[in-house]
């Protein structure tokens, strides 16, 4: 897209922001996964922590859906998300 002066206008979000946001969401989800594992091993406090962090992850997910409404941004986010998932231990 171009402005009246012929300058290019960026229509999608910065790729670095998308990668950072995807990593932030995956980090929260990874924490939940690990805490659920601890809860299965008898750590009752881990279950409570996982519920709190899961609520935060859901909130972040909703915010990111609003932040990246375009199909192009959503596709970039999905790619970055999949890549970040590989780093979850």
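Residue numbers (the numbering used here): 8 to 96.
We put the beta carbon where it would ideally sit given N, CA and C, even for glycine.
{"Check": "In chain order, what residues of the same chain have a beta carbon less than 6 Å from the beta carbon of residue 97, not counting five sequence neighbours either side?", "Outcome": "Residue 97 lies beyond the residue range present for the chain, which begins at 8 and ends at 96; the question has no answer from this structure."}
{"Check": "Around the C-beta of residue 77, are 16 or more other C-beta atoms found within 10 angstroms, so that it is buried, or is it exposed?", "Outcome": "exposed"}
{"Check": "Would you grab the beta carbon distance between residue 40 and residue 91 for me? Rounded to a whole angstrom, and I think it's under 8 Å.", "Outcome": "Between residue 91 and residue 40 the Cβ distance is about 13 Å, and since that is not below 8 Å, they are no contact."}
{"Check": "According to DSSP, is residue 75 part of a helix, a strand, or is it coil?", "Outcome": "coil"}
{"Check": "Could you check whether residue 63 and residue 53 sit closer than 8 Å to each other, using their CB atoms as the reference points?", "Outcome": "no"}
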